[in-house]
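Working notes, beginning with the structure itself.
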Amino acid sequence: NRQVTFPGAYRIRGTDWDGNESVDEDMTIIDPTPPPVGEEETQEENPAPRISGEAAETMPATCSLNYYPYNSARKNKTIFCKRHQLIIILATSLVVIGIIIIPIIFATPSKPSGPEPTIAPTKNEKEIVLLFEREYDIRSTTAITGDNFQGGLPTQIGRLTRLKSLVISNNKLSGRIPSEIGSLTDLEQLILYNNDLFGELPTTIGVLTNLKEISLYNNRFTGTIPTEIGMLINLSTLKLSFNKELGGVMPTEFGMLSNLTSLSISDCLLQGDIPSEIGFLSLLSDLNIKGNRVKSIPSEVGLLKQLQSAWFYENDIHGRLLSEIGLLQNLEELHFSSNRLIGNIPTEIGALVSLKKLTLDTNEISGSIPSEIGLLPVVSWLSLKENKLTGDLPSEIGLLLQLSYLDLRNNLIGLIPSEIGLLTKLTEGRSLLI
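Numbering of the sequence shown is given in the numbering used here, commencing with residue 5 and proceeding in unit increments.
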């Protein structure tokens, strides 16, 4: 039982006073009193007999009955809101379709300007470059070696970006090294000696920072040595010898080649002074600059503690023989022949306990041979000919028990000591030239 105290349209269901079943009927309440806020509008569990809809016409505005609320105004408002939302959703969808989707469907793609892009091959396909009438797979080729190569190095070689070794020596290659070689950033070996390559060395070689060996000797390269080579911090071997028109001065940038162990620029047109920066090459063991026009050697050469062989002959080196040479405890060969050295042989020469060969011939060295020469326990070759040496040969010469060659010709040597008879390897080999 509940008081219906607010106006509206209601639908009621129940029985009449006689207990007969009744169908749904509509009823209108005109009383303006609003229902309490939050009050539930549910059917009670034990409804009392309810009147039929026809009786609603004679009922007062306030009555007790069980009911199902049927507020048509509220229902109509809810239906209107849902229809309004549906209309908005449909309209928005049509706008999106008209503005975005339809232009995409019917749009004609514009053709890009320029050459059509190439399609990248799949993993199962090979991309081949043709070099020297031979095929190389760009993805997998890491080395080019072999015989019977001829012609020039093609520019397409720059496409083999995974190449680590380019070894084509003792062949018939000709022409220039293309600048595209700078694209081979994985390259570790560039070995092209004993060919007929010519022209200037490309400066792009300086970007190949993984290079460990450059062997380009016995070709016909011209111009100067690129300073960019100094950027190759991993380089251990540099051989440019027997390129008779490759000249200029040795770049000071060579001092940055901290991993260099072998430097050979012999029989070229190298000129001027060897830079003092050479003293930074702490790992250098082999230095060969013979057959050039070098004028001086810096005292910093004494810092090359690992140096084992030094070839300076057939240059234009003048001045005195450096006393700093005596600091090279690991030096085994020292060659200064055919230069313009003057002054005395420094006594520090006796500190070269590992020295096996010493050639100072064809210079202008004067004075007497120092007795410290006898402190070279393993020396086997000693050439002092064609100088201006004077005085007697020191008796300490007899201590050189490994000596097998001694040339003192064209000097002003005085007495020869009897101790020379102790040098059995010398007398047996008949290599005593006085």
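All C-beta atoms, glycine included, are put in the ideal place defined by N, C-alpha and C. Treat the numbers as computed from the prediction; the structure is a model and nothing was measured.
*Below 7 angstroms CB to CB, which residues in the same chain sit around Leu-403 once its five sequence neighbours on both sides are set aside?*
Translated into the one-based positions of the sequence shown, residue 403 becomes position 399. Cβ within range, chain order: Gly-378.
*If Gly-330 and Pro-302 are in contact, beta carbons under 8 angstroms, what's the gap, nearest whole angstrom?*
As a first step, residue 330 is located in the sequence shown; it is residue number 326 there, counting from the start. As a first step, residue 302 is located in the sequence shown; it is residue number 298 there, counting from the start. Their Cβ separation, rounded to whole angstroms, is 16 angstroms, which puts Gly-330 and Pro-302 out of contact at 8 angstroms.
*What's the C-alpha gap between Glu-249 and Ser-300?*
Here residue 249 refers to the residue found at position 245 of the sequence shown. Here residue 300 refers to the residue found at position 296 of the sequence shown. Straight-line Cα distance between these residues: approximately 21 angstroms.
*Residue range of the unbroken beta strand (DSSP E) whose run includes Tyr-409*: Here residue 409 corresponds to residue number 405 of the sequence shown, with the count starting at 1. Run containing Tyr-409: 409-411, per the beta strand (DSSP E) assignment.
*Since Ser-372 contacts Leu-393 with CB under 8 angstroms, what's their CB separation in whole angstroms?*
Here residue 372 refers to the residue found at position 368 when the sequence shown is read from its first residue. Here residue 393 refers to the residue found at position 389 when the sequence shown is read from its first residue. About 7 angstroms; that satisfies the 8 angstroms criterion.
_In this structure, how does DSSP classify Thr-213 when only helix, strand and coil are distinguished?_
As a position in the sequence shown, residue 213 is number 209, starting the count at 1. The answer is coil: DSSP assigns Thr-213 none of H, G, I, E or B.
*Straight-line CA distance for Thr-428 to Ser-387?*
Within the sequence shown, numbered from 1, the residue matching residue 428 stands at position 424. Within the sequence shown, numbered from 1, the residue matching residue 387 stands at position 383. So the alpha carbons of these two residues sit roughly 18 angstroms apart.
*Just mark Asp-277 as buried or exposed, buried being the case when its beta carbon has 16 or more other beta carbons within 10 Å.*
Looking up residue 277 in the sequence shown gives position 273. With fewer than 16 Cβ atoms within 10 Å of its Cβ, Asp-277 is classed as exposed.
*Val-133 - partner residues in DSSP beta bridges*: Here residue 133 is taken as the residue at index 129 of the sequence shown, counted from 1. Partner(s): Tyr-140.
*Check whether the Cβ atoms of Leu-135 and Pro-158 lie closer than 8 angstroms to each other.*
One-based indexing of the sequence shown puts residue 135 at position 131. One-based indexing of the sequence shown puts residue 158 at position 154. For Leu-135 and Pro-158, yes; Cβs fall inside 8 angstroms.
*Look at the alpha carbon of Met-254 and the alpha carbon of Leu-267, and state the distance between them as a whole number of angstroms.*
Start at 1 with the first residue of the sequence shown, and residue 254 comes out as number 250. Start at 1 with the first residue of the sequence shown, and residue 267 comes out as number 263. Each residue's Cα considered, the two are about 11 angstroms apart.
*Once you ignore the five residues that flank Leu-405 on each side, which residues in its own chain have a CB closer than 6 angstroms to its CB?*
By 1-based counting over the sequence shown, the position of residue 405 is 401. There are no such residues.
*What do you get for Ser-114, buried or exposed, if any count of 16 or more other CB atoms within 10 angstroms of its CB means buried?*
Within the sequence shown, numbered from 1, the residue matching residue 114 stands at position 110. Because Ser-114 carries a pLDDT of 49, less than 50, the predicted location of this residue cannot be relied on, and the following value inherits that uncertainty. Per the 10 Å Cβ criterion, exposed.
*To the nearest angstrom, report how far apart Glu-328 and Val-305 are at their CA atoms.*
As a position in the sequence shown, residue 328 is number 324, starting the count at 1. As a position in the sequence shown, residue 305 is number 301, starting the count at 1. Using only the alpha carbons, I get a separation of about 7 angstroms.
*Return the residue from the list Leu-419, Gly-210, Glu-368 and Glu-281 that minimises the CA-CA distance to Gly-234.*
Numbered from 1 along the sequence shown, position 230 holds the residue referred to as residue 234. Of the listed residues, the one whose Cα sits closest to Gly-234 is Gly-210.
*Does the Cβ-Cβ distance between Leu-308 and Leu-325 come in under 8 angstroms?*
Stepping through the sequence shown from its first residue, residue 308 is reached at position 304. Stepping through the sequence shown from its first residue, residue 325 is reached at position 321. Going by C-beta atoms, Leu-308 is not nearer than 8 angstroms to Leu-325.
*Give the single residue among Ser-178, Lys-168 and Pro-206 whose Cα lies nearest to the Cα of Glu-217.*
Translated into the one-based positions of the sequence shown, residue 217 becomes position 213. Ranking the options by Cα distance to Glu-217, first place goes to Lys-168.
*Going by Cα to Cα distance, which pick from Pro-381, Trp-385 and Leu-412 is closest to Gly-395?*
As a first step, residue 395 is located in the sequence shown; it is residue number 391 there, counting from the start. Of Pro-381, Trp-385 and Leu-412, the residue nearest in Cα terms is Leu-412.
*Thr-213 versus Leu-164, Leu-244, Leu-239 and Phe-153, residue with shortest Cα-Cα distance*: For this step, residue 213 is matched to residue 209 along the sequence shown. For the residues Leu-164, Leu-244, Leu-239 and Phe-153, the minimum Cα distance to Thr-213 belongs to Leu-239.
*Whole-angstrom Cβ separation of Leu-188 and Thr-207, contact assumed at under 8 angstroms?*
As a working note, residue 188 is residue 184 in the sequence shown. As a working note, residue 207 is residue 203 in the sequence shown. Not quite, the Cβ-Cβ distance comes to about 15 angstroms (not below 8 angstroms), so this is no contact.
*Around the C-beta of Lys-176, are 16 or more other C-beta atoms found within 10 angstroms, so that it is buried, or is it exposed?*
Against the sequence shown, residue 176 aligns to sequence position 172. Counting Cβ neighbours within 10 Å, Lys-176 comes out exposed, since fewer than 16 surround it.
*With 16 other CB atoms within 10 Å as the buried threshold, where does Lys-127 fall?*
Reading the sequence shown from its first residue, position 123 is the one you call residue 127. Confidence in Lys-127 is poor, its pLDDT being 43 and thus under 50, which makes the residue's placement unreliable; the coordinate value appears in the next sentence. Exposed is the call here.
*From which residue to which residue does the beta strand (DSSP E) around Thr-226 run?*
Along the sequence shown, one-based indexing puts residue 226 at 222. It spans 224-228 - the beta strand (DSSP E) in which Thr-226 sits, taken as one unbroken run.
*If you count every other CB in all the chains shown that lies within 10 Å of the CB of Pro-36, and 16 or more means buried, which is it?*
As a first step, residue 36 must be located in the sequence shown, where it is residue number 32. Confidence in Pro-36 is poor, its pLDDT being 45 and thus under 50, which makes the residue's placement unreliable; the coordinate value appears in the next sentence. By the 10 Å Cβ count, Pro-36 comes out exposed.
*Cβ pair Ser-245, Ser-270 closer than 8 angstroms*: Here the question's residue 245 lines up with position 241 in the sequence shown. Here the question's residue 270 lines up with position 266 in the sequence shown. The answer is yes: Cβ separation under 8 angstroms.
*Nearest-angstrom Cα distance between Val-380 and His-339?*
Position 376 of the sequence shown, counting from 1, holds the residue named residue 380. Position 335 of the sequence shown, counting from 1, holds the residue named residue 339. At residue 380 the sequence reads Leu, which differs from the Val that was named. Cα to Cα, the separation comes out at about 16 angstroms.
*Work out the CA separation of Ile-417 and Glu-368 for me, nearest whole Å.*
Translated into positions along the sequence shown, residue 368 becomes position 364. Translated into positions along the sequence shown, residue 417 becomes position 413. Spanning the two alpha carbons is a distance of roughly 14 angstroms.
*asked:* Just to confirm the assignment, what range does the beta strand (DSSP E) spanning Val-298 have?
replied: Position 294 of the sequence shown holds residue 298. Its beta strand (DSSP E) spans residues 297-300.
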